[in-house]
Structures are given as structure tokens and as C-alpha cells.
Amino acid sequence: MEARAARGALAGPLRALCILSCLLGRAATAPSPIIKFPGDVAPKTDKELAVQYLNTFYGCPKESCNLFVLKDTLKKMQKFFGLPQTGELDQSTIETMRKPRCGNPDVANYNFFPRKPKWDKNQISYRIIGYTPDLDPETVDDAFARAFRVWSDVTPLRFSRIHDGEADIMINFGRWEHGDGYPFDGKDGLLAHAFAPGTGVGGDSHFDDDELWTLGEGQVVRVKYGNADGEYCKFPFLFNGKEYTSCTDTGRSDGFLWCSTTYNFEKDGKYGFCPHEALFTMGGNADGQPCKFPFRFQGTSYDGCTTEGRTDGYRWCGTTEDYDRDKKYGFCPETAMSTVGGNSEGSPCVFPFTFLGNKYESCTSAGRSDGKMWCATTASYDDDRKWGFCPDQGYSLFLVAAHEFGHAMGLEHSEDPGALMAPIYTYTKNFRLSHDDIKGIQELYGASPDTDTDAGTGPTPTLGPVTPEICKQDIVFDGIAQIRGEIFFFKDRFIWRTVTPRDKPMGPLLVATFWPELPEKIDAVYEAPQEEKAVFFAENKKTYIFAGDKFW
């Protein structure tokens, strides 16, 4: 056991040294100059961010949010998130403000939650008005159904879907200003919002379609045709001895993107075509017929999907050669490398592309100061200046929907960082509704009649995981380390942090808000301060190395 532990302890530093030497080798290359990308939103200053954040989520009046009022409101925000109540815009406060989150306020806002409302019935209807092009309709339907089931499993509430007319909860996707007076803000930032139970917009739930909607672990690609129609791409997959992490046209002469639906295509031969407008369209009135290029719209000929004629930014095409004559159209599906944000309205990456005279075969962060990966959507960024961000892990539609439907049932935000109803988005692979969430929803609607409880006089069994309290129970920590001048205490998926051992640690906070790539449990952690790296040894026998925003 000791020998194995010693080998494990040596493996991390040796691997870190190897990686460091590789990075130093790459650093010899001259860095790309930082440029202003057309259509890119300029980042807010810390003060601008704070004023907007405190106005939106804590009611600080935008016109009179002066330094005195700002300081007082800032302390309320810091208290809500378990941060030191300094009233100052320190690093941990700014980091919290920049995290993706729900658009509902953290304190009482009577536009969203007038007088603690709840539904006066247990049979609730919902209707899905629109879909995101990021996922196929069946996956969206399933994500929403599972999100409702999160709440029906622990209450008497029962949810039924209708396809026409007015439902109690109307669900839709939108961008920026989308008709309810509470605009979204582009990629990241605000993910979604929902209104409390009631008539009119009551219960309605809206999702920002400038986000990449997934199931939390990257793009979900459902194939068409081939010999695995309707199945999902398996990434990575093996083809001709090479691993592919996205759809490819390798091996084809027609340019269509495809993927394997099992890991080993050479062994299993299962494949399908990735979504593309030349194969099919979504919605519209053409019953899924593919785009017809070129097509004519208002006297102009189009060779590709367009957003012309629309105010919502969705890409569409004609499915006959003359839309003006036939009025047949459909929406273009997101392809496997569709971009997010930028100025290309979701058009896919084009590889290779030229940027500042250099050729790129994959996504790059060249030209950017924030490290975000991007690509050109034509063969030459230098000529066309068309670009977008490359798809990342995206946001779990199921988890965000379950949170928003909690609001639609009457729940406000929770201060418990382990709760589903906490305002900041954190991906959890093996999701369980927390004790705090269950207690909140059952205070409104009671327990599920299907829940088994003991008939004895003992206490009611605790449902769901309870967030640990460091001062009220004995905790054996999984790891303790000093990282970037702070002391971190790790226990399961939670951390506590402090600058000095004499102070009470701040927390609990979710590990995933700092290191989202880590599994739920680690065995040990240490920092290599000279290299500014944090090294984690996980229960799954893997080693994770972090340096700033980089991860190996």
C-alpha cells in the first residue's frame, strides 16, 4: 500500500513537469496580437458589472445605486453567497458575479414572486411553444419531462403536456428581448428565468437560445439515415486508427458530416449523418424537407441559410427554389460544429481557415485575451471577418429546466449552494434533489402520496443529501491544501475556504464552481506554487492538473 501511494505521489509531479516542459516549448512561438472581433460584446468593468448585478438581483436602484447604497447592497449579496461581508468588490465577489446563473432575483421581487404564490391545484399543464436548434425535439421533450418529474416525485403535483391552447406553464426559447420585459444577455450570464404561479405569464419559463443547450457534457448529436438512424454520436470514436471528437467528412467525397454511434467504427460499422440543412430542416411548414439552394427570397438569391426577414436571429431557408412563390421554408438545424455567439448566427466552423495570415485546422484562442476558443465560419477570417465561439460543454437543459420549474411552482432562490434552487448554475452528473429543495417544495404542496414513510413515532426520514455544516458536525475532510494563498478544505462535492486558519472558513461552496472538471470526490490535493498549478488525485484513480483557466 505504501509503495503504491509513493508511486502515485510521484506520478503527479512527474506528469506536471512533463506538461510544463511542453508548455515552455510552445511558449517560444510568438503570441498572436489581441484584436477586436466584430459583433463581440465588450466586457463590463467590475463597477459596471456590480451595478447591473445588484440592480437585477438585489433591487439596488440603477439611478441611485451610489457608493453608499452599493456597499450596503453588496454586503447582502455577499451574505447570500456565503462570502466575507466586506462591502468591497473583491476578487471572490467579482468571480461570483461572473458565473452563469438564473435570471430571477435573489431577494423578493414582486414582479416574479408576489406574496408567496402557489398553484391552488395539483394537476398542472404545460406546453412547449418553441425548440432550440441545439437539440432534437425528442431530447428537448425528454429533458423537460424529467425536469417536471423532479418535483412530482416528492409532491402531489402531477404535470401533463398539451399541444394546443393556453397551458398553466408555457415554455419557450428566446434571445435578448423576447416579449416579457426581462431581456436575456447573449451567451453565458443569464441562462433562463421563470414566473411564479398565477394567471397570464404566471408559471411561464423562458430559456436563452444564445446558450449552447446540451445535457451538460457537450453537444448531443442525433444522427439521420445511415444504418443507425435516430441513435446518438459516440465521441470520441475510432475510424482508420484515429480518434474523432466531433463529426467529420473524412472518408466521404460528398462533404456530408458523419459520426460513429459506437466507439469502434472499424469493428461495429454503425454510423449516421450529422444534422445539416442539406439533409432536413426543423419546424416551418415544409415537413422537414431539406433546404433548396439557391432559393429566392424577396427577389434576392441565397446560397445558404439566412436570418433575413426575421428578428429572432434564427437561421432558415427555402425548401423550394422560390420562397416568394411557394412560401415553403424550414429552420436550419445546428450542425455538429455550429458556433455560438460571434457574428455568424450559428453557422458552422470552416476548417482550415486563415487568420492574420496563419492557417488553422481547429478551434483556437488566437487573437483573444479571454482564452475563449473560436473559429472562422468561412475559409478566410481575414477576408470575411465572420466568426463564432466553438461549442463547449454547454448547459444542461434538464438541470436548468428543473431549477426554473421550481420557480414556476413558487420556490425562490436558496442560499444552500448544494440545492437545485441555488441561483448559480453548476453541472451535477448524478443529480439528486437536496434536502433543502424537498423541504421548500413540500412546505408549499405537501409530500407525495406515493412516498413510503414509517408509521412509527420516530422522526421523518431525511430525503435527499444534506449540505454539511462545518460548525455543527464532525467532518473528516477528503483533502486540505493552500491554493493561490487561500486554504481550501474538501469534502465530497463541497469546499470551504479561508485566508487564515484563525478565521471561520467561508462556505460550503460547490467544488464544481471552481473546478468543474473534477469528479464529485477527491483523495488528495496539493499546489505547486512555483508553477502556479493545483494537482488533484481523484477517487477514480485519475490525476487532474489546473493552472489558471487551463486544465489537463
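Numbered according to mature numbering (1 follows the signal peptide of the UniProt record, and there is no 0), the sequence shown spans residues -29 to -1, 1 to 523. Even for Gly, the Cβ is constructed at its ideal location relative to N, Cα and C.
For the beta strand (DSSP E) that ILE454 lies in, which residues bound it at each end?
450 to 454
If you draw a straight line from the alpha carbon of VAL482 to that of PHE461, how long is it in whole angstroms?
Within the model, the alpha-carbon separation for VAL482 versus PHE461 is close to 8 Å.
Rounded to a whole number of angstroms, what is the C-alpha to C-alpha distance between ILE412 and LEU228?
46 Å
Can you tell me which of THR126, ILE95 and THR290 puts its alpha carbon nearest to the alpha carbon of ARG132?
ILE95
State buried or exposed for PHE517, treating a residue as buried only when at least 16 other CB atoms are found within 10 Å of its CB.
When all chains shown are included, PHE517 counts as buried.
Residue ranges of each beta strand (DSSP E) within the stretch 344 to 427, 3 or longer
The stretch 344 to 427 is shown to contain whole beta strand (DSSP E) runs of 3 or more residues at 345 to 347 and 358 to 360, in chain order.
Quick one: what does DSSP say THR233 is sitting in, helix, strand or coil?
coil
Given this structure, state the Cα-to-Cα distance separating THR216 from GLU202, to the nearest angstrom.
17 Å
Are the CB atoms of ALA495 and GLY450 within a distance shorter than 7 Å?
It is a contact, given that the beta carbons lie within the stated cut-off.
Just confirm the distance between the C-beta atoms of PHE144 and TYR102, as a whole number of angstroms; I'd bet it's less than 8 Å.
7 Å
Which value, in whole angstroms, describes the spacing of the CA atoms of ASP283 and GLY222?
37 Å
Confirm the yes/no value for this check: CB of PHE166, any heavy atom of the ligand ZN, distance under 6 Å.
Because no ligand of any kind appears in the structure shown, any question about the ligand ZN cannot be addressed here.
Take the Cβ of GLU248 as the centre, count every other Cβ of all protein chains shown within 10 Å, and call the residue buried at 16 or more, exposed below.
buried
Would GLY160 pass as a contact of PHE166 if the rule is Cβ separation under 7 Å?
no
Cβ contact check for the stretch 343 to 362 and the stretch 315 to 326: 3 or more pairs under 8 Å
yes
Same chain, Cβ closer than 7 Å to ALA138, five either side skipped, listed in chain order
Result list for ALA138: SER96, TYR97 and ARG98, in chain order.
Take every Cβ of the stretch 179 to 188, pair it with every Cβ of the stretch 367 to 377, and state whether three or more of those distances are shorter than 8 Å.
yes
In chain order, what are the residue ranges of uninterrupted alpha helix (DSSP H) at least 4 long that sit wholly in the stretch 93 to 137?
DSSP runs (the alpha helix (DSSP H)) wholly in the stretch 93 to 137: 108 to 123.
Roughly how many whole angstroms lie between the Cα atoms of PRO261 and LYS330?
About 32 Å.
How is ALA165 classed by DSSP in three states: helix, strand or coil?
It is a strand residue.
I need the boundaries of the beta strand (DSSP E) containing SER272, first residue and last residue.
Going by DSSP, SER272 is part of the beta strand (DSSP E) stretching over 271 to 273.
Since LYS89 and LEU415 are thought to touch, with beta carbons under 8 Å apart, how far apart are those beta carbons, to the nearest angstrom?
5 Å
On the criterion of 16 or more Cβ atoms from any shown chain inside 10 Å, does ILE100 qualify as buried, or is it exposed?
Answer is exposed; the Cβ neighbour count stays below 16.
Cβ-based burial, GLU182 [other Cβ within 10 Å; buried from 16]
Using a 10 angstroms sphere on the CB of GLU182, the tally of other CB atoms reaches 16 or more, which defines it as buried.
Name the DSSP beta bridge partners of GLU498, please?
ALA505
Just how far apart, CA to CA, sit GLU19 and LEU41?
12 Å
Can you grab the Cα-Cα spacing for the pair CYS245 / GLY280, in whole Å?
So the alpha carbons of these two residues sit roughly 27 Å apart.
If you follow the alpha helix (DSSP H) that LYS18 is in, where does it begin and where does it stop?
It spans 17 to 29 - the alpha helix (DSSP H) in which LYS18 sits, taken as one unbroken run.
Considering GLU214, what are the terminal residues of the alpha helix (DSSP H) in which it resides?
Note, GLU214: premise wrong, no alpha helix (DSSP H); beta strand (DSSP E) at 213 to 215.
Identify which residue in MET380, ALA379 and ILE395 has its Cα closest to the Cα of residue 580.
Summary: the structure shown does not reach residue 580, with the chain confined to residues -29 through 523, and so no result is reported for it.
Helix, strand or coil at LYS299 [DSSP, three-state]
coil
Let's test the definition: count the other Cβ atoms within 10 Å of the Cβ of LYS512 and tell me whether it reaches 16, buried, or not, exposed.
With fewer than 16 other CB atoms across the displayed protein chains lying within 10 angstroms of its CB, LYS512 is exposed.
Taking only the alpha-carbon atoms, compute the straight-line gap between GLU34 and ILE454 and give it to the nearest angstrom.
Looking at the two C-alpha atoms, the distance is approximately 39 Å.
Where GLY435 sits in the DSSP three-state scheme:
With a pLDDT of 46 at GLY435, under the threshold of 50, the modelled position of that residue is not reliable, and no figure is offered here.
How many angstroms separate the CA atom of PRO85 from the CA atom of ALA350?
Legend: pLDDT at PRO85 = 49, less than 50; position of this residue unreliable, value from coordinates given subsequently. Taking the straight line from one Cα to the other gives about 53 Å.
Hey, ASP274 and ARG193: beta-carbon distance below 7 Å or not?
no
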